[in-house]
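Residues in the sequence shown are numbered consecutively from 9, following the numbering used here. Below is one structure; the comments refer to it alone.
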Amino acid sequence: MARPDFTITADDARALAASARVCGRPMLRRVHDRATGTEEVVPIPCGSTREAVCPACARKARIIRMHQCQEGWHLTDEPERPTHANSTDDDGEDLEDEDDESGSGKRSRSTRRRQNLPDLPKLKMSDRTVGQVFTAPSGRQFRPSMFATCTLPSYGPVHVSGAPKHPGSYDYRRAALDALHFSKLCGRLWSNLRRCAGFNVQYFSVIEAQRRGAPHLHATIRGAIPRATFRQVVAATDYALWWPSFDQVLYDTDRLPEWTGPDHGYADSDTGELLPTWRQALDRLDQDPDAKPAHVMRFGAQLDLQGVIPEHADQAVRYLAKYLTKAIGETHDCDGDPAFGRHLDRLHAELRWLPCSPRCANWLRYGVQPDYAKPGLIPGQCRMRAHDRDNLGVTRRVLPSRLWSGKTVDQHKADRAQVVRQTLLAAGMDDLDLDRMAATVTLPDGTPRFAWTDVRPDHDTYVRLVLDSIGERQRWRAQYEAAKTAAAVSTVAQPP
Ligand SMILES: [Zn+2]
Ligand SMILES: [Zn+2]
Numbered sequence: 009m010a011r012p013d014f015t016i017t018a019d020d021a022r023a024l025a026a027s028a029r030v031c032g033r034p035m036l037r038r039v040h041d042r043a044t045g046t047e048e049v050v051p052i053p054c055g056s057t058r059e060a061v062c063p064a065c066a067r068k069a070r071i072i073r074m075h076q077c078q079e080g081w082h083l084t085d086e087p088e089r090p091t092h093a094n095s096t097d098d099d100g101e102d103l104e105d106e107d108d109e110s111g112s113g114k115r116s117r118s119t120r121r122r123q124n125l126p127d128l129p130k131l132k133m134s135d136r137t138v139g140q141v142f143t144a145p146s147g148r149q150f151r152p153s154m155f156a157t158c159t160l161p162s163y164g165p166v167h168v169s170g171a172p173k174h175p176g177s178y179d180y181r182r183a184a185l186d187a188l189h190f191s192k193l194c195g196r197l198w199s200n201l202r203r204c205a206g207f208n209v210q211y212f213s214v215i216e217a218q219r220r221g222a223p224h225l226h227a228t229i230r231g232a233i234p235r236a237t238f239r240q241v242v243a244a245t246d247y248a249l250w251w252p253s254f255d256q257v258l259y260d261t262d263r264l265p266e267w268t269g270p271d272h273g274y275a276d277s278d279t280g281e282l283l284p285t286w287r288q289a290l291d292r293l294d295q296d297p298d299a300k301p302a303h304v305m306r307f308g309a310q311l312d313l314q315g316v317i318p319e320h321a322d323q324a325v326r327y328l329a330k331y332l333t334k335a336i337g338e339t340h341d342c343d344g345d346p347a348f349g350r351h352l353d354r355l356h357a358e359l360r361w362l363p364c365s366p367r368c369a370n371w372l373r374y375g376v377q378p379d380y381a382k383p384g385l386i387p388g389q390c391r392m393r394a395h396d397r398d399n400l401g402v403t404r405r406v407l408p409s410r411l412w413s414g415k416t417v418d419q420h421k422a423d424r425a426q427v428v429r430q431t432l433l434a435a436g437m438d439d440l441d442l443d444r445m446a447a448t449v450t451l452p453d454g455t456p457r458f459a460w461t462d463v464r465p466d467h468d469t470y471v472r473l474v475l476d477s478i479g480e481r482q483r484w485r486a487q488y489e490a491a492k493t494a495a496a497v498s499t500v501a502q503p504p
């Protein structure tokens with residue numbers, strides 16, 4: 009029998025989901041209720057942070073980040089200290105000790121490979137992380153914080169569109185390397201600022217793309233630092249990358265090193281000579297008195313610093329998170345300017361061949377075995393995200409400091425969920441309905457009540473489930489709004 013003409017296609021369902029702010033590409037899982045013997049297919053949101061992939065999930069992720077930013081900015085009490093080092097998932101401070109990325113921690117670094125401390129006035133650093141309170145002559149007290157934007161230097165003059173005026177002389181190599189290692193330069197900035205500001209400066213920072221495709225840093229900072237000090241620190245901060253040199257191409261794609269097996273790794277295919285391993289290459293670098301860092305970088309002269317009072321925080325947080333749901337390479341569109349598209353293509357091409365990390369397959373091109381070398385590595389085909397045209401060298405976008413809010417992203421998510429849950433419970437919703445099929449719900453014998461398995465959905469199941477979740481979201485939303493209104497009314501109605 010022919011389907012009626014009003015059949016909803018998968019594309020229709022996705023578009024509806026986006027407008028109803030429901031995940032349009034959920035993973036579907038079958039859940040077997042062992043108490044009732046029934047089965048149901050349940051959609052799990054995809055959790056993407058990118059609008060182009062899933063508008064609903066990206067929006068949700070952005071709101072949680074804004075919430076996290078908001079919560080730490082004007083803290084008046086010291087946050088709880090995380091109990092163990094790995095308790096945050098995205099701690100920018102780790103980057104300060106990045107040199108030993110292989111993670112063994114055993115490597116003894118020569119003094120030369122350590123960063124020189126810039127010649128800056130140093131204050132004794134207190135453990136304080138909250139901002140100081142100032143009292144105006146009027147007696148009014150305020151606790152100012154800061155919003156900072158730091159940029160990278162020029163790689164050549166650009167048009168308003170972001171495309172270079174002289175593509176032939178634009179320094180794409182430097183632009184690509186600066187993008188790849190920008191978060192490390194930022195890490196240096198924070199540790200230098202702490203030394204000079206005299207307190208344990210905390211920040212919530214986001215790496216965004218400028219029109220020219222270079223990353224820049226937006227940061228909310230708790231507490232105020234004198235502008236002169238801040239400027240001095242930015243100007244003095246540098247980052248030196250102590251990696252083996254990758255200036256010279258020793259193995260081009262027509263003659264690649266060969267894998268000899270797990271004992272020795274890669275060798276020259278003509279001479280059979282083994283390539284130095286990552287560790288050997290680093291040791292050579294340490295022992296060479298004339299060695300130079302593979303790359304040295306600094307911030308550009310453009311620096312924007314603003315004092316922000318709590319009353320204006322909302323606006324600044326929205327600005328900070330404005331492009332979070334877009335990839336670096338898709339942040340700005342070219343308004344049809346083909347030169348801009350060519351510019352990003354050229355930057356992407358440069359990034360294709362540069363080593364992104366110690367494990368990058370591109371090291372073979374420069375005659376070094378990547379860290380943890382394995383068979384099948386081909387230069388120019390590293391799968392790490394830094395090489396993607398969407399990312400243009402930048403893989404970590406949100407870098408909060410460890411003591412920003414004293415909470416992890418998961419805790420912030422849980423906080424949000426808890427607010428919604430409490431409101432719905434207060435409105436008389438069923439607890440089991442909210443807990444629907446959670447792994448923590450058990451049978452009397454203590455075993456999980458719900459058993460989950462993956463499902464590959466057919467078209468009709470997919471459409472039905474997405475439409476169901478739209479309906480469910482609308483129902484919950486209505487109940488949530490009604491419950492909030494009822495709560496507000498009862499608060500207002502209460503005598504003072
Ligand atoms: Zn989604
Ligand atoms: Zn790579």
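C-beta atoms are modelled at their ideal positions from N, C-alpha and C, and glycine is treated no differently. These numbers were taken from a predicted model, which means no experiment stands behind them.
- A Cβ-Cβ contact shorter than 8 Å links Thr159 with Gln218.
- If you check the C-beta of Arg70 against ligand 1, you find no heavy atom less than 7 Å away.
- Burial is judged here by how many other beta carbons sit within 10 angstroms of a residue's own beta carbon; Arg393 has fewer than 16 and is exposed.
- Under the criterion of beta carbons closer than 8 Å, Trp251 and Ala302 qualify as touching, at roughly 4 Å.
- Phe254 and Leu313 do not touch by the CB rule: their CB atoms are close to 35 Å apart, not below 8 Å.
- The three-state reading of DSSP puts Glu59 in coil, since its state is none of H, G, I, E or B.
- The C-beta separation of Gln210 from Thr157 comes to about 18 Å, leaving the pair out of contact by the 8 Å criterion.
- Judged by their CB atoms, Phe307 and Val242 are nearer to each other than the 8 Å cut-off.
- Remark: C-beta atoms of Leu128 and Asn200 approach each other more closely than 8 Å.
- Contact holds between the region 474 to 489 and the region 23 to 41, because three or more Cβ pairs, one in each stretch, are under 8 Å apart.
- In this structure, Arg230 has its beta carbon at no less than 7 Å from each heavy atom of ligand 1.
- Using a Cβ distance threshold of 8 Å, Arg70 and Leu328 do not count as a contacting pair.
- Taking C-beta atoms as the reference points, Leu24 and Ile336 fail to come closer than 8 Å.
- In this structure, Pro53 has its CB closer than 7 Å to one or more heavy atoms of ligand 1.
- Here DSSP, grouped into helix, strand and coil, assigns Trp251 to coil.
- Boundaries of the alpha helix (DSSP H) harbouring Trp361: 346 to 361, taken from the DSSP string.
- A contact between stretches requires three or more CB pairs, one per stretch, nearer than 8 Å, and the region 68 to 86 meets this requirement with the region 403 to 419.
- Fewer than three pairs of CB atoms, one per stretch, sit closer than 8 Å, so the region 279 to 288 makes no contact with the region 397 to 405.
- The region 189 to 206 and the region 257 to 268 do not touch, with fewer than three beta-carbon pairs separated by less than 8 Å.
- With a threshold of 7 Å, the Cβ atom of Met35 does not count as near ligand 2, since no heavy atom of the ligand is closer than that.
- DSSP places Met154 within a strand segment (E or B) once states are collapsed to three.
- Cβ atoms of Val316 and Ser146 stay farther apart than 8 Å, at about 20 Å.
- Between the C-alpha atoms of Glu338 and Glu216 there is a straight-line separation of about 11 Å.
- Sequence-distant Cβ neighbours of Glu47 in its own chain, meaning closer than 8 Å and more than five residues away, are Arg38, Val39, His40, Asp41.
- Scanning its chain for C-beta atoms nearer than 8 Å, with the 5 sequence neighbours on each side dropped, one finds around His75 the residues His420, Asp423, Arg424, in chain order.
- Ligand 2 has no heavy atom closer than 7 Å to the beta-carbon of Cys342.
- Linking His395 to Glu358 through their CA atoms gives a straight-line distance of about 9 Å.
- For Ala26, the shortest separation between its Cβ and any heavy atom of ligand 1 does not lie below 7 Å.
- Nearest neighbour of Asp19 by Cα position, chosen from Val427, Cys62, Pro383, turns out to be Cys62.
- Note that the C-beta distance between Gly32 and Ala64 is below 8 Å.
- In terms of CA proximity to Gln389, Asn370 leads the group Asn370, Arg404, Pro383, Val376.
- Secondary structure at Leu400: coil, using DSSP grouped into helix, strand and coil.
- Excluding its 5 nearest sequence neighbours in each direction, Asp345 has C-beta neighbours in its own chain below 7 Å: Ser169, Ala171, listed in chain order.
- Collapsing the DSSP output to three states places Gln218 in coil.
- Counting the other CB atoms within 10 Å of its CB gives Val376 a total of 16 or more, which places it among the buried residues.
- Taking each of Phe155, Arg151, Asp179 in turn and checking the Cα distance to Gly164, the smallest one comes out for Asp179.
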